[in-house]
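Trainee: In this note's numbering, the protein residues as written are 12 to 505.
Quick reminder that beta carbons are idealized off the backbone N, C-alpha and C, glycines included.
Remember, predicted model here, so these are calculated numbers, not experimental data.
Have a look at this one.
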Amino acid sequence: MLFLSHPRFRWLIIATLALTLTFSIALRSTVTAATPGVALLQLSSDPYTNTTSQHQTEVEPDSYSNGATIVAATQVGRFNDGGASNIGWATSTDNGATWQKGFLPGTTVFATPAGQFDRVSDPSVSYDAAHKLWMISSLAISSGSGTAVGAAVIVNTSSNGGLTWNPPVVVANANGGFFDKDWLVCDDTSTSAYYGHCYVEWDINSSGNLVQMSTSSDGGATWSAGQATQDNVSGLGGQPLVQPNGTVIVPFLSSNSSIAAFTSTNGGASWNGSVTIAPQTDHQVAGIRTEPLPSAEIDGAGKAYVAWQDCRFENSCSANDIVISTSTDGATWSAPQRVPIDAVGSNIDHFIPGIAVDKATSGSSAHVALAFYYYPDANCTTATCQLEVGYVSSTDGGATWSTETTLTSSAMNLAWLATTTSGNMVGDYISTSFTNGKAFPVFVVASAPGSGGQLNEALFTTKDGLAIAGGTLTAAGEHGNVVHPASPMLRTAF
12 MLFLSHPRFR
22 WLIIATLALT
32 LTFSIALRST
42 VTAATPGVAL
52 LQLSSDPYTN
62 TTSQHQTEVE
72 PDSYSNGATI
82 VAATQVGRFN
92 DGGASNIGWA
102 TSTDNGATWQ
112 KGFLPGTTVF
122 ATPAGQFDRV
132 SDPSVSYDAA
142 HKLWMISSLA
152 ISSGSGTAVG
162 AAVIVNTSSN
172 GGLTWNPPVV
182 VANANGGFFD
192 KDWLVCDDTS
202 TSAYYGHCYV
212 EWDINSSGNL
222 VQMSTSSDGG
232 ATWSAGQATQ
242 DNVSGLGGQP
252 LVQPNGTVIV
262 PFLSSNSSIA
272 AFTSTNGGAS
282 WNGSVTIAPQ
292 TDHQVAGIRT
302 EPLPSAEIDG
312 AGKAYVAWQD
322 CRFENSCSAN
332 DIVISTSTDG
342 ATWSAPQRVP
352 IDAVGSNIDH
362 FIPGIAVDKA
372 TSGSSAHVAL
382 AFYYYPDANC
392 TTATCQLEVG
402 YVSSTDGGAT
412 WSTETTLTSS
422 AMNLAWLATT
432 TSGNMVGDYI
442 STSFTNGKAF
452 PVFVVASAPG
462 SGGQLNEALF
472 TTKDGLAIAG
482 GTLTAAGEHG
492 NVVHPASPML
502 RTAF
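This is the structure we're talking about:
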């Protein structure tokens, strides 16, 4: 996609529609992680063999939880220039104890039954409590002209707890234009005037990344025409949230090099003008495809949390921290606070955060979990960088944090990851979800390629989840040194 703000923004691809296949196989593949007592569980693997994309590769997961059920989704069979062979899903209906997996039907020509689209990308998961449906939105891609472009936003639904999936419904067609970066959420508060409304966000890359919103009130069967915000804002990577009163808050990365947000208070009938959360000031990460897209969650009382990678607290913008801003109304936001994963000046580069807030908690007692990727040395090169996955948590709404837990058993070399036109890839985002009081980060782990050079990059979570720990590391009182303004962004791959 062509997004004016970072040299790493994506192009998306389109294809066409058809029907359904799902494989249901319980997975129990574990590896011991570096931090004692943490083990990982492999959730899925790439079964595709088409010669046009890279295998074994799974990248860019999202997840969502409701009750005892967690559903995760990820790209499977990554193409170098954008998109994947299909979207895979992994579902647990017993608080993360056991999982089943499969692949969406009717999405691409590689799906079973086959769909009409060439590739698919950008999975996002949500649950519609009013209609008792799980949903996965994604970006369908067409590459018929030799150039991959995002042709449509589509949504697959499941009525049996995320264990089998229906063929996709088209939310919006690009009609010769170019879409990018969808995200999905539903209003699940029974007392909300808009209970059962679901909202999808995306942008029209071919129109300067004009942000669009669409609404469904019938379980995703039909969707409204795309709408812009009151100020016709441009941007990328919006992650809509719904407060208990029905207000929708959409944090996103604005094309004016800031993290911003907009809202709707009328069930998606219209969308208010955007407000700035904070300037976007990230350090360009060596070798890997990443950008400062926000990761957003909401607590039980409706307080919104937005996390992103940011270098404002580091001298000369030499490395990224993860920072967080919060809001109770989507209009006014707190100043960004540095999550104290490591000391200022440690030269550890933190990026691609996936934040979660336990909706059974709120306010000063909110339980917050944060997973992220990092390099121990921000000055590494593509050949020398060692990629790790880390995790921290808070029991007081982010006022203090636990010490960092390393989730990977060994560091990953970038050569073990899928390649893209914007660097090696684990994904533009990752995810963390809560069930039964425990956090389940969902992320990509790679090991050394096998015989013949085939990659070993797949979707993992933590076996049995992670408890939320209190901490003494405070996010308050740490102020930046030299802030460098963000460079213009230009997204060039989905």
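Alpha carbon to alpha carbon, how far is I352 from I81? Give it in angstroms, no decimals.
Mentor: Each residue's Cα considered, the two are about 27 Å apart.
Trainee: Can you list, in chain order, the residues of its chain with a C-beta nearer than 6 Å to that of S498? Leave out the 5 residues immediately preceding and following it.
Mentor: Model confidence at S498 stands at a pLDDT of 42, short of 50, so the residue's coordinates are unreliable; what they give is reported in the following sentence. Excluding sequence neighbours, S498 sits near nothing in its chain.
Trainee: Would you say V149 and I98 are within 8 Å of each other, going by their C-beta atoms?
Mentor: It should be noted that the sequence gives Ser, not Val, for residue 149. Contact flag set, yes.
Trainee: Would you mind giving the Cβ-Cβ distance between S245 and G237, rounded to the nearest angstrom? I have them listed as a contact below 8 Å.
Mentor: In fact, because the Cβ distance is near 14 Å, the residues do not count as touching under 8 Å.
Trainee: Say whether the stretch 90-110 touches the stretch 52-68, bearing in mind that this needs 3 or more beta-carbon pairs closer than 8 Å, one atom from each stretch.
Mentor: yes
Trainee: Looking only at its chain, what residues have a beta carbon closer than 8 Å to the beta carbon of G510, apart from the 5 residues adjacent to it on each side?
Mentor: Beyond the ends of the chain as shown, which are 12 and 505, falls residue 510; an answer cannot be given.
Trainee: Give the C-beta separation of K314 and S235 to the nearest angstrom, bearing in mind that I take them to be a contact with Cβ-Cβ under 8 Å.
Mentor: With a Cβ gap of about 28 Å, K314 and S235 do not count as contacting.
Trainee: Do I288 and V336 count as a contact pair if the criterion is CB distance below 8 Å?
Mentor: Just to set this straight, residue 336 is Ser in the shown sequence, not Val. Yes, Cβ-Cβ distance for S336 and I288 is below 8 Å.
Trainee: When you compare the stretch 83-98 with the stretch 125-132, are there three or more beta-carbon pairs, one atom per stretch, that lie closer than 8 Å?
Mentor: Contact holds between the stretch 83-98 and the stretch 125-132, because three or more Cβ pairs, one in each stretch, are under 8 Å apart.
Trainee: CA-CA distance, V196 and N447?
Mentor: Using only the alpha carbons, I get a separation of about 21 Å.
Trainee: Quick check: F471 and G161, are their CB atoms within less than 8 Å of each other?
Mentor: no
Trainee: At the level of alpha carbons, what is the spacing between A10 and S462?
Mentor: Absent from the model: residue 10. The displayed extent of the chain is 12 to 505, so no value can be given.
Trainee: Note down the Cα distance separating N581 from T202, rounded to an integer number of angstroms.
Mentor: Since the first residue shown for the chain is 12 and the last is 505, residue 581 is missing from the structure and cannot be characterised.
Trainee: Please list, in chain order, all residues of the same chain as G188 whose beta carbon is under 7 Å from its beta carbon, the five residues on each side excluded.
Mentor: I215, S217 and S218
Trainee: Could you tell me if T233 is buried or exposed, where buried requires 16 or more neighbouring beta carbons within 10 angstroms of its beta carbon?
Mentor: Taking a 10 Å sphere around the C-beta of T233, we find fewer than 16 other C-beta atoms and assign the residue as exposed.
Trainee: Please classify T419: is it buried, with 16 or more other beta-carbons within 10 angstroms of its beta-carbon, or exposed?
Mentor: buried
Trainee: For the stretch 354-361 against the stretch 428-445, do three or more pairs of beta-carbon atoms, one drawn from each stretch, fall closer than 8 Å, so that the two count as touching?
Mentor: Contact between the stretch 354-361 and the stretch 428-445 is absent, because fewer than three Cβ pairs lie under 8 Å.
Trainee: Could you tell me the alpha carbon to alpha carbon distance between V403 and D475, rounded to whole angstroms?
Mentor: 16 Å
Trainee: Would N243 be called buried (16 or more neighbouring beta carbons within 10 Å of its own) or exposed?
Mentor: exposed
Trainee: So, for T393: in the same chain, excluding its five sequence neighbours on each side, which residues have a beta-carbon less than 6 Å away from its beta-carbon?
Mentor: Excluding sequence neighbours, T393 sits near G298 and L425.
Trainee: Using only CA atoms, which one of T430, G408 and A422 lies nearest to G481?
Mentor: G408
Trainee: By a C-beta neighbour count over all protein chains shown, 10 Å radius and 16 as the cutoff for buried, is A330 buried or exposed?
Mentor: With 16 or more other Cβ atoms within 10 Å, it is buried.
Trainee: In chain order, what residues of the same chain have a beta carbon less than 8 Å from the beta carbon of A459, not counting five sequence neighbours either side?
Mentor: These residues qualify, in order along the chain: N424, W427 and N467.
Trainee: Quick one: Cα of S275 to Cα of T200, how far?
Mentor: 16 Å
Trainee: Alpha carbon to alpha carbon, how far is Q254 from V181? Give it in angstroms, no decimals.
Mentor: 26 Å
Trainee: Could you tell me which of A122, Q397, A151 and I366 sits nearest to V296, measuring between CA atoms?
Mentor: Q397
Trainee: In this structure, what does DSSP give as the bridge partners for L144?
Mentor: D139
Trainee: Thinking C-alpha only, which one of T343, T123 and I363 is nearest T175?
Mentor: T123
Trainee: For L264 versus P303, is the C-beta distance shorter than 8 Å?
Mentor: The answer is yes: Cβ separation under 8 Å.
Trainee: Going by DSSP, what residue range makes up the beta strand (DSSP E) through A183?
Mentor: V180 to N184
Trainee: In angstroms with no decimal places, state the Cα-to-Cα distance between D310 and A377.
Mentor: Their backbone Cα atoms lie some 7 Å apart in a straight line.
Trainee: Tell me whether C396 sits in a helix, a strand or coil according to DSSP, three-state version.
Mentor: Correct three-state label for C396: coil.
Trainee: Flag this pair as yes or no: are the beta carbons of Q241 and G279 separated by less than 8 Å?
Mentor: no
Trainee: Where are the beta strand (DSSP E) runs, 3 residues long or more, that stay fully inside the stretch 218-242, in chain order?
Mentor: 221-227
Trainee: Just curious, the beta strand (DSSP E) that L51 is in, first and last residue?
Mentor: A50 to Q53
Trainee: With H, G and I counted as helix, E and B as strand and the rest as coil, what does DSSP make of A426?
Mentor: helix
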